[in-house]
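Peer 1: Pasting a structure here, questions to come.
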Amino acid sequence: MDSRAIREQFPILNQEVNGKPLVYLDSSATSQKPISVIEALDDYYRQDNSNVHRGVHTLGTRATDKYEGAREKVRKFIHAKSIKEVIFTRGTTTSLNYVAYGYARQKLQPGDEIVTTPMEHHSNIIPWQQAAKATGATLKYIPLQEDGSVSLDDVRKTVTDKTKIVAITHLSNVLGTINPIKEIAGIAHEKGAILVVDGAQGAPHMKVDVQDLDCDFYAFSGHKMCGPTGIGVLYGKQELLEETEPVEFGGEMIDFVDLYDSTWKELPWKFEGGTPIIAGAIGLGAAIDFLEQVGMDAIFEHDKKIAKYAVERLNTIDGITIYGPEERAGLVTFNLDDVHPHDTATVLDSEGIAVRAGHHCAQPLMKWLNVTATARASFYLYNTEEDIDKLVDGLVKAKEFFGDVFK
Amino acid sequence: MSLNNLDQLYRQVIMDHYKNPRNRGNIEGDSVTVDMNNPTCGDRIQLQLLVEDGLVKDAKFEGEGCSISMSSASMMTQAVKGKTIEDALKMSKLFSDMMLGKDLDTDIDLGDIEALQGVSQFPARIKCATLAWKAMEKGVNEEK
């Protein structure tokens, strides 16, 4: 994989920030967009813009074909059985909330259990807290290993006959942990529970085969995988989606409407109330074309290689703490002794280097790590080892700058 | 921006307050306590104010955060101690104007606080600097 050539396809990366060439190391927050995605959005608005599923006119047909074509691209990308299982949403958060509202709240009884982990993003914790409060179910956590991974023994111990839902991230946005989804699905199913996967970081960085993983729901966002913001996907097994109630009611999602009652369209449209995110879906389709051209396996290996190099190089800096397991996906979370991560990020920004600093929407995990905040550098297909070298130089500068303060 | 601009942000006086925070700790007795955090980044302050007869008699803080949020808290406590509630709120308004980069037309001596002027050039860090002041405003308004 030629990251330098790939980089050329991302116009935003070709700029200076604070007088230095931009080094973008915040793709786990949102990825940059290749020219093909930008052009797909542009073409749609210049040539095809129209509402979908109703236009008798030509533009309506074109827009519908492109929108539904994008759904088929998503289906193939995640290896779903049918387009009925691919619902367009606003993003991972919305997708997980659809499951928590439309499925969990209908199914859960007092005494039932929802099982998750302390490494989750807030969007895979709070919907379950709310569902538990509303139904009288109990929320339980699988403890983490010292390195921030999950052991299958602990999964077996935590998931019981009372467990109805297991919700876990595919790939931790802080630790870079890759969770054994297929094995966890097996354990959940043995106990009669379903498995909900937060794929916000998984889908952009690794090959996802929902049938092979045997997960029941899989949620992800377009903007972290080279697509536009405002579009995401909820995958669900057809029989479960049939049992799931729509969360948004209104136009587009109905079959017959009477004064006092109505019926819904068939899957997947019963979940897509209102004019859908047409341009966003088309942009996501273009992003999938782009990623598949490079190859998801190649991207996964590349991100891992950059992360490995980053860990090696960062470990040469005195007073650095790196969080997460050795086997990690394409991100590194760390802290420098005596330098608060915000200050680290400000010094790096002055060198044109964009990293994330803060709690990464994972406050329970910060508590588990016993820190209030961390810095995170996250990588994607356009990052090179040279970016890591610049990061290391920047961190050395931050240390020098703050070094005298606590002497 | 260069390291020179960083020097403008991280002035020596700020680093001094970060390293040797003034009024760090707890007030014994009848004080008002305000807990405030910056939900986007995790900075946290617990501010205690002793307000009597319309005067801020004492101010102390505990907390965790970056150099800007902690030095700002230290400077704020120093600045409002002994001030009337009205003057403390006036300083707070002045401080937020300073963060917005407005020209300051005032006779009030800002003292060390002036060193934080550079923060206005770093939009992402303004919330760090204003956290302690927001806590103070909330505290004195409760005591009014």
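If you're matching them up, the sequences are chains A and B in order. Residue numbers are given in full-length UniProt numbering: position 153 of the first sequence equals residue 153, and the series is strictly consecutive. Residue numbers are given in full-length UniProt numbering: position 115 of the second sequence equals residue 115, and the series is strictly consecutive. All C-beta atoms, glycine included, are put in the ideal place defined by N, C-alpha and C.
Compare the C-beta of A/G358 against all C-beta atoms of chain B and say whether one is closer than 7 Å.
Peer 2: Your numbering for residue 358 of chain A matches position 358 in the first sequence. Cβ-Cβ to chain B under 7 Å: yes for A/G358.
Peer 1: Reducing DSSP to helix, strand and coil, say where A/D26 ends up.
Peer 2: Taking the first residue of the first sequence as 1, we reach residue 26 of chain A at position 26. In the structure shown, A/D26 sits in a strand (DSSP, three-state: E or B).
Peer 1: Using only CA atoms, which one of A/T92, A/D154, A/G136 and A/K107 lies nearest to A/T116?
Peer 2: Counting from 1 along the first sequence, the entry for residue 116 of chain A is found at position 116. Minimum Cα distance to A/T116 is reached at A/D154.
Peer 1: State the Cα-Cα distance for the pair B/I27 and B/S96, rounded to the nearest angstrom.
Peer 2: Position 27 of the second sequence, counted from the start, is the residue given in the question as residue 27 of chain B. Position 96 of the second sequence, counted from the start, is the residue given in the question as residue 96 of chain B. When rounded, the distance between both Cα atoms is 26 Å.
Peer 1: Buried or exposed for A/D26, going by 16 or more other Cβ atoms inside 10 Å?
Peer 2: Translated into positions along the first sequence, residue 26 of chain A becomes position 26. The residue is buried, with at least 16 neighbouring Cβ atoms inside 10 Å.
Peer 1: Go ahead and label B/I108 buried or exposed: buried means 16 or more other beta carbons lie within 10 angstroms of its beta carbon, across all protein chains shown.
Peer 2: Here residue 108 of chain B refers to the residue found at position 108 when the second sequence is read from its first residue. Exposed: under 16 other Cβ atoms inside 10 Å.
Peer 1: Let me make sure I understand the geometry here. Which of A/N97, A/Y309 and A/A70 has the alpha-carbon closest to that of A/V288?
Peer 2: Indexing the first sequence from 1 puts residue 288 of chain A at position 288. Sequence check: residue 288 of chain A is Ile here, not Val. Of the listed residues, the one whose Cα sits closest to A/I288 is A/A70.
Peer 1: DSSP state of A/A137, grouped into three classes?
Peer 2: Counted from its first residue, the first sequence places residue 137 of chain A at position 137. If DSSP states are grouped into helix, strand and coil, A/A137 belongs with coil.
Peer 1: Please check the pair A/I306 and A/L314, which I expect to be a contact at CB under 8 Å, by giving their CB distance rounded to whole angstroms.
Peer 2: As a working mapping, residue 306 of chain A is identified with position 306 in the first sequence. As a working mapping, residue 314 of chain A is identified with position 314 in the first sequence. At roughly 12 Å, the Cβ-Cβ gap does not stay under 8 Å, so A/I306 and A/L314 are not in contact.
Peer 1: Check the DSSP bridge columns for A/I114 and list the partner residues they point to.
Peer 2: Reading the first sequence from its first residue, position 114 is the one you call residue 114 of chain A. Paired residues: A/L139 and A/I165.
Peer 1: Which two residues bound the contiguous beta strand (DSSP E) that contains B/L115?
Peer 2: Taking the first residue of the second sequence as position 1, residue 115 of chain B is located at position 115. Per the sequence shown, residue 115 of chain B should be read as Ala rather than Leu. That residue, B/A115, is in no beta strand (DSSP E); it is neither H nor E in DSSP.
Peer 1: Flag B/L116 as yes if its beta-carbon sits less than 7 Å from any beta-carbon of chain A, otherwise no.
Peer 2: Here residue 116 of chain B corresponds to residue number 116 of the second sequence, with the count starting at 1. No, because no Cβ of chain A sits closer than 7 Å to the Cβ of B/L116.
Peer 1: Return the CA-CA distance between A/D303 and B/D58, expressed in angstroms with no decimal places.
Peer 2: The count along the first sequence starts at 1 and reaches residue 303 of chain A at position 303. The count along the second sequence starts at 1 and reaches residue 58 of chain B at position 58. Cα to Cα, A/D303 sits roughly 53 Å from B/D58.
Peer 1: Using alpha carbons as the reference points, say which of A/V17, A/L152, A/Q47 and A/L336 lies closest to A/I184.
Peer 2: Reading the first sequence from its first residue, position 184 is the one you call residue 184 of chain A. A/I184 has its Cα closest to that of A/L152, out of A/V17, A/L152, A/Q47 and A/L336.
Peer 1: Taking any Cβ of chain A, which residues in the segment 59-71 of chain B have a Cβ under 9 Å from it, in chain order?
Peer 2: If the cut-off is 9 Å between Cβ atoms, the segment 59-71 of chain B has E64, G65, C66, S67, I68, S69 and M70 near chain A.
Peer 1: Quick one: give me the first and last residue of the alpha helix (DSSP H) that A/K33 is part of.
Peer 2: Walking along the first sequence from the start, residue 33 of chain A turns up at place 33. Neither: A/K33 is in no alpha helix (DSSP H) and is coded neither H nor E.
Peer 1: Please compile the residues from chain B whose C-beta is within a distance smaller than 8 Å of the C-beta of A/M366.
Peer 2: For the purposes of this step, residue 366 of chain A is taken as residue 366 along the first sequence, with counting starting at 1. Under the 8 Å cutoff, chain B gives G42.
Peer 1: What residue range is occupied by the uninterrupted beta strand (DSSP E) comprising B/E64?
Peer 2: In the second sequence, residue 64 of chain B corresponds to position 64, counting from 1. Where B/E64 is concerned, the enclosing beta strand (DSSP E) stretches over L55 to E64.
Peer 1: Is the separation between the beta-carbon of A/A398 and that of A/V347 shorter than 7 Å?
Peer 2: In the first sequence, residue 398 of chain A corresponds to position 398, counting from 1. In the first sequence, residue 347 of chain A corresponds to position 347, counting from 1. Going by C-beta atoms, A/A398 is nearer than 7 Å to A/V347.
Peer 1: Using a beta-carbon distance below 7 Å, is B/L47 in contact with chain A?
Peer 2: Here residue 47 of chain B corresponds to residue number 47 of the second sequence, with the count starting at 1. So, not an interface residue.
Peer 1: Flag this pair as touching only if the segment 343-358 of chain A and the segment 44-53 of chain B have three or more C-beta atom pairs under 8 Å; answer yes or no.
Peer 2: No, the segment 343-358 of chain A does not touch the segment 44-53 of chain B.
Peer 1: For the segment 65-112 of chain B, list the beta strand (DSSP E) runs that are entirely contained and at least 3 residues long, ordered along the chain.
Peer 2: Counting only runs of 3 or more, we get nothing.
Peer 1: Give the residues from the segment 99-133 of chain B that approach chain A closer than 8 Å (Cβ to any Cβ), ordered along the chain.
Peer 2: So the list reads F122, A124, R125 and C128, given in the order they occur along the chain.
Peer 1: Indicate the three-state DSSP secondary structure (helix, strand or coil) for B/M1 in the structure shown.
Peer 2: Translated into the one-based positions of the second sequence, residue 1 of chain B becomes position 1. Per-residue confidence for B/M1 stands at a pLDDT of 45, beneath the threshold of 50, marking its modelled position as unreliable; no derived number is given.
Peer 1: Can you say whether A/S262 is buried or exposed, counting buried as having 16 or more other CB atoms within 10 angstroms of its CB?
Peer 2: Here the question's residue 262 of chain A lines up with position 262 in the first sequence. The residue is exposed, with fewer than 16 neighbouring Cβ atoms inside 10 Å.
Peer 1: Report the neighbours of A/T372 on chain B: residues whose CB is nearer than 8 Å to its CB, in chain order.
Peer 2: Counted from its first residue, the first sequence places residue 372 of chain A at position 372. Those are G42, D43, R44, E64 and G65, listed as they occur along chain B.
Peer 1: Under a CB-based cut-off of 7 Å, is B/L6 close to chain A?
Peer 2: Translated into the one-based positions of the second sequence, residue 6 of chain B becomes position 6. It does: the Cβ of B/L6 has a partner Cβ on chain A nearer than 7 Å.
Peer 1: Taking the beta carbon of A/V174 as the centre, do at least 16 other beta carbons fall within 10 Å, making it buried, or is it exposed?
Peer 2: Numbered from its first residue, the first sequence carries residue 174 of chain A at position 174. Buried, since its Cβ has 16 or more Cβ neighbours within 10 Å.
Peer 1: Where does A/R356 fall in DSSP's three states?
Peer 2: If you number the first sequence from 1, residue 356 of chain A lands on position 356. Strand, per DSSP.
Peer 1: Can you list the residues of chain B that A/T346 reaches, using a CB-CB cut of under 8 Å?
Peer 2: Along the first sequence, read from residue 1 onward, the residue named residue 346 of chain A stands at position 346. Within chain B, the residues near A/T346 are L6, L9, F122, A124 and R125.
Peer 1: Is there at least one Cβ from chain B nearer than 7 Å to A/I320's Cβ?
Peer 2: By one-based count along the first sequence, residue 320 of chain A stands at place 320. False, the Cβ-Cβ gap to chain B never drops below 7 Å.
Peer 1: Roughly how many angstroms lie between the CA atoms of A/N383 and A/V247, to the nearest whole one?
Peer 2: Translated into the one-based positions of the first sequence, residue 383 of chain A becomes position 383. Translated into the one-based positions of the first sequence, residue 247 of chain A becomes position 247. Taking the straight line joining both Cα atoms gives about 39 Å.
Peer 1: I need the boundaries of the beta strand (DSSP E) containing A/G236, first residue and last residue.
Peer 2: As a first step, residue 236 of chain A is located in the first sequence; it is residue number 236 there, counting from the start. It spans G232 to G236 - the beta strand (DSSP E) in which A/G236 sits, taken as one unbroken run.
Peer 1: Should A/R376 be labelled buried (16 or more other beta-carbon atoms within 10 Å of its own) or exposed?
Peer 2: Counted from its first residue, the first sequence places residue 376 of chain A at position 376. Buried is the call here.
Peer 1: Against A/D343, what residues of chain B qualify as contacts under a CB-to-CB distance less than 8 Å, listed in chain order?
Peer 2: The residue you call residue 343 of chain A lines up with position 343 of the first sequence. Within 8 Å Cβ-Cβ: Y10, C66, S67 and I68.
Peer 1: Skipping 5 residues on each side, what residues in its chain have a beta carbon closer than 7 Å to that of A/H205?
Peer 2: As a position in the first sequence, residue 205 of chain A is number 205, starting the count at 1. So the list reads L171, I299, F300, D303, A329 and G330, once near-sequence residues are dropped.
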